[in-house]
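**Student:** If you're matching them up, the sequences are chains C and D in order.
Quick note on the working numbering: the first sequence kicks off at 1 and runs consecutively.
Quick note on the working numbering: the second sequence kicks off at 125 and runs consecutively.
Just so you know, even glycine gets a beta-carbon here, dropped at the ideal spot from N, CA and C.
Sharing a structure, written as structure tokens. Questions coming.
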Amino acid sequence: MATPLKRVRGLGTARHGTETFWRQRITAVANVPLVIFLVLSIVSHIGASYGEVKAYLANPVVAVLMLALILSAAIHMRIGLREIIEDYVHGEGCKIASLMLVTFFAAIVGLASILAIVKISLGS
Amino acid sequence: MTKKLEVERPLSPHLQIYRPMLTMMMSIAHRISGASLAVGFALLTWWLVAISLGPEAYATVEAFFASLVGRALLFLFTWALIHHMLGGIRHLIWDTGAALDKTSIEVAAWLTILSSTVITILIWVAGYALQGGQ
Numbered sequence: 001m002a003t004p005l006k007r008v009r010g011l012g013t014a015r016h017g018t019e020t021f022w023r024q025r026i027t028a029v030a031n032v033p034l035v036i037f038l039v040l041s042i043v044s045h046i047g048a049s050y051g052e053v054k055a056y057l058a059n060p061v062v063a064v065l066m067l068a069l070i071l072s073a074a075i076h077m078r079i080g081l082r083e084i085i086e087d088y089v090h091g092e093g094c095k096i097a098s099l100m101l102v103t104f105f106a107a108i109v110g111l112a113s114i115l116a117i118v119k120i121s122l123g124s
Numbered sequence: 125m126t127k128k129l130e131v132e133r134p135l136s137p138h139l140q141i142y143r144p145m146l147t148m149m150m151s152i153a154h155r156i157s158g159a160s161l162a163v164g165f166a167l168l169t170w171w172l173v174a175i176s177l178g179p180e181a182y183a184t185v186e187a188f189f190a191s192l193v194g195r196a197l198l199f200l201f202t203w204a205l206i207h208h209m210l211g212g213i214r215h216l217i218w219d220t221g222a223a224l225d226k227t228s229i230e231v232a233a234w235l236t237i238l239s240s241t242v243i244t245i246l247i248w249v250a251g252y253a254l255q256g257g258q
């Protein structure tokens, strides 16, 4: 029989405890100012030329904030999409495949965005 | 054996039993907006990659975003983003244990719907104003 203490030490069935819950909250809090920053960035550059947009993104402060947004949003997205799949996809094979797909998707869009921002920052 | 148990096990009332409630719809809307933002993320990635590739690639993305379909998609993503953000702030407040009584939940739901719609429209009005009404 598992005592409450034993359960706490084992950190539950998934052995991760509340790590995912906590990570979802941390990224949620980070996303709020970062998303406002993204919206302001886009709205203020409507109709701007290619050069202007590129120069804006090459600014180190802008680049770091964009990188932070990409990282935080990708982690947050992965957790949220997995939660939806875990709730609605019941076939074991289909579930595992979807969960993997979500991780790959988050990694691909995250990495591609990061590479793009780094490339723009280095001006190559 | 497992099958038999599954059949005979009493089931709790499921989704279709309940009369749709605002808070229930808000919960679903939070998930739908969140899931749709995954597509929005892909569009953001496309935009960033295009900028890193050069003026020609950027022109293609710009043309898509300027099209009617592009604009409609961006409007919906703006709304999903703001709705999900405000809904998320609501969840963060609930995480502290505050505002969980029936009245507060209803008020928060309406506030989220109204403010997300108003903010989305304001963002687009600002966008069109800055663009010079094109």
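(1) Assuming residue 109 (chain C) contacts residue 169 (chain D) (C-beta within less than 8 Å), just tell me the rounded distance between them.
(2) Can you give the Cα-Cα distance for residue 220 (chain D) and residue 19 (chain C), rounded to whole angstroms?
(3) Quick one: complete beta strand (DSSP E) runs, 3+ long, within the stretch 179 to 232 of chain D?
(4) Considering Cα atoms alone, identify which of D:138, D:144, D:149 is closest to residue 207 (chain D).
(5) Closer than 8 Å, Cβ to any Cβ of chain C: which residues of the stretch 144 to 173 of chain D, in chain order?
(6) I'd like to confirm something about residue 230 (chain D): is its beta-carbon nearer than 8 Å to some heavy atom of the ligand GTP, or not?
(7) Tell me, please, whether the stretch 85 to 94 of chain C touches the stretch 190 to 207 of chain D by the rule of three or more beta-carbon pairs shorter than 8 Å.
(8) Report the option in D:180, D:213, D:203, D:191 whose CA atom is closest to the CA atom of residue 248 (chain D).
(9) Could you tell me whether the Cβ of residue 68 (chain C) comes closer than 9 Å to any Cβ of chain D?
(10) Give me the chain C residues within the contact set of residue 250 (chain D), using Cβ-Cβ distance strictly less than 7 Å, ordered along the chain.
(11) From the beta carbon of residue 254 (chain D), is the nearest beta carbon of chain C less than 9 Å away?
(12) What in chain D is Cβ-close to residue 202 (chain C), meaning under 7 Å?
(13) Helix, strand or coil, according to DSSP, for residue 17 (chain C) in the structure here?
(14) Would you please state the rounded distance, in angstroms, between the beta carbons of residue 175 (chain D) and residue 53 (chain C)? I believe it to be under 8 Å.
(15) State the Cα-Cα distance for the pair residue 211 (chain D) and residue 224 (chain D), rounded to the nearest angstrom.
(16) Residue 176 (chain D) touches chain A at which residues, Cβ-Cβ below 7 Å?
(17) Would you give the residue range spanned by the alpha helix (DSSP H) that residue 88 (chain C) belongs to?
(18) Which residues, taken in chain order from the stretch 208 to 227 of chain D, show a beta carbon closer than 8 Å to some beta carbon of chain C?
(19) Can you find the residues in the same chain that come closer than 8 Å, C-beta to C-beta, to residue 182 (chain D), ignoring five residues on each side of it along the sequence?
(20) Does any CB atom of chain C fall closer than 9 Å to the CB of residue 179 (chain D)?
(21) Enumerate in chain order the residues of its own chain whose CB-to-CB distance from residue 106 (chain C) is below 6 Å, with the five nearest sequence positions on each side excluded.
(22) According to DSSP, simplified to helix, strand and coil, what is residue 114 (chain C)?
(23) Can you grab the Cα-Cα spacing for the pair residue 36 (chain C) / residue 29 (chain C), in whole Å?
(24) Taking the beta carbon of residue 146 (chain D) as the centre, do at least 16 other beta carbons fall within 10 Å, making it buried, or is it exposed?
(25) Sorted by chain position, which residues of the same chain lie with C-beta nearer than 8 Å to residue 95 (chain C)'s C-beta, five sequence neighbours on each side aside?
**Tutor:** Looking at the coordinates:
(1) 4 Å
(2) 17 Å
(3) As far as the stretch 179 to 232 of chain D is concerned, it has no whole beta strand (DSSP E) run of at least 3 residues.
(4) D:149
(5) 155, 158, 159, 161, 162, 165, 166, 168, 169, 172, 173
(6) In the structure on display, the ligand GTP does not appear, and there are no ligands present to speak of.
(7) Result no; under three Cβ-Cβ pairs closer than 8 Å.
(8) For residue 248 (chain D), the nearest C-alpha among the options comes from D:203.
(9) no
(10) 43
(11) yes
(12) Because chain C in this structure spans residues 1 to 124, residue 202 (chain C) falls outside the shown range and cannot be described.
(13) coil
(14) Indeed, because the Cβ distance is near 6 Å, the residues count as touching under 8 Å.
(15) Between residue 211 (chain D) and residue 224 (chain D), the C-alpha separation is close to 14 Å.
(16) Looking at the structure shown, chain A is missing, and the protein chains on hand are C and D.
(17) Secondary structure note for residue 88 (chain C): its alpha helix (DSSP H) is the uninterrupted segment 60 to 88.
(18) 209, 212, 213, 215, 216, 219
(19) Short of 8 Å from the beta carbon of residue 182 (chain D), and not among the five residues preceding or following it, lie these beta carbons of its own chain, in chain order: 174, 175.
(20) Residue 179 (chain D) counts as touching chain C.
(21) 74, 77, 78
(22) helix
(23) About 12 Å.
(24) exposed
(25) 85, 86, 89
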